[in-house]
Amino acid sequence: MARLKYQEIRNSNRKELLSKLRELHTELLKVSAQKATKSLSNPARPKEIRKSVARILTAINSKERTRNVEKKESKNGAKKVKIVREENSREGKEKIKIRKEIIRGKVQSQ
């Protein structure tokens, strides 16, 4: 898989991002095995893969945060931005669980 650019990642939907993330995790596993056997042709490849994984996780997190932002206008006209915290709700706990499973490579297609 070629190096992923943040612009491409940002325009993808969540399902595509999760599938790319799964592919990158499997590729990283293969590359690390090749590195251990010293048959790796491009020694910088593991670093590229890890950076792509970080870009995808950042995009997923930023999409979640922008979805959870409520804009309020106060009486004097000043705009306030409040981030809705979902960590205590059931849905927030599921999101945290999904992210942990993604990191561990246990997520299946949803």
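Quick note on my numbering: the sequence shown kicks off at -12 and runs consecutively.
Beta carbons are placed, not taken as given, at the ideal position from N, Cα and C, and that holds for glycine.
If you're wondering where the values come from, they're calculated on a predicted model, not measured in any experiment.
Item, Value
"Coil, strand or helix - residue 29 by DSSP", "coil"
"Residue burial classification, residue 25 (beta-carbon count within 10 angstroms, cutoff 16)", "exposed"
"Pick from 7, 0, 19 and 29 that is closest to residue -9, judged by C-alpha positions", "7"
"Coarse secondary structure for residue 13, derived from DSSP in three states", "helix"
"Residue 46, buried or exposed, once every other Cβ within 10 Å from all chains shown has been counted against 16", "buried"
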